[in-house]
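Trainee: Residue numbering for the sequence shown follows our numbering, starting at 277 and increasing by one per position.
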Amino acid sequence: VVRRNADDLLSVAADKAFHNWITKYEFYALGVEPLILQRGSRPLTLGHNALIRAKGYSQRWMAETSYSTTKRSLGDAVRALGWYRQFREIVLMFAISNIEPLCEPL
Numbered sequence: 277v278v279r280r281n282a283d284d285l286l287s288v289a290a291d292k293a294f295h296n297w298i299t300k301y302e303f304y305a306l307g308v309e310p311l312i313l314q315r316g317s318r319p320l321t322l323g324h325n326a327l328i329r330a331k332g333y334s335q336r337w338m339a340e341t342s343y344s345t346t347k348r349s350l351g352d353a354v355r356a357l358g359w360y361r362q363f364r365e366i367v368l369m370f371a372i373s374n375i376e377p378l379c380e381p382l
């Protein structure tokens, strides 16, 4: 997803599972700043994680809240088999969850 949308992205927030030098190098090569927390408890690591949180990583909780709300209201299963159709189905699920509050109940 990052490779395909690299022209539109300024930064990418991810959890510690994505922290490896290959991924970070690829993000920097695409011109996208990775906001990925580092693993460990060394003072250097803690300082790096504090800087990342100051740059906007803390907004991730808002995205996680919208994910869980969508999963509760529309289900957590994707029925498509191909990755492109799965991605399209997820985009449509979030479009529906954004439109639902605007509709008046019958």
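Idealized CB from N, CA, C, for every residue including glycine.
So, with DSSP's three-state summary, where would you put Ala305?
Mentor: In this structure, Ala305 counts as helix in the three-state DSSP scheme.
Trainee: Check Val288 in the structure and name its three-state DSSP category.
Mentor: In this structure, Val288 counts as strand in the three-state DSSP scheme.
Trainee: Check Leu322 in the structure and name its three-state DSSP category.
Mentor: It is helical.
Trainee: Could you tell me the distance, in whole angstroms, from the CA atom of Thr345 to the CA atom of Asp283?
Mentor: Their Cα atoms are separated by approximately 29 Å.
Trainee: Out of Tyr343, Arg348, Ser342, Met369, point me to the one whose CA is closest to Arg355's CA.
Mentor: If we check each option's Cα against that of Arg355, Met369 comes out closest.
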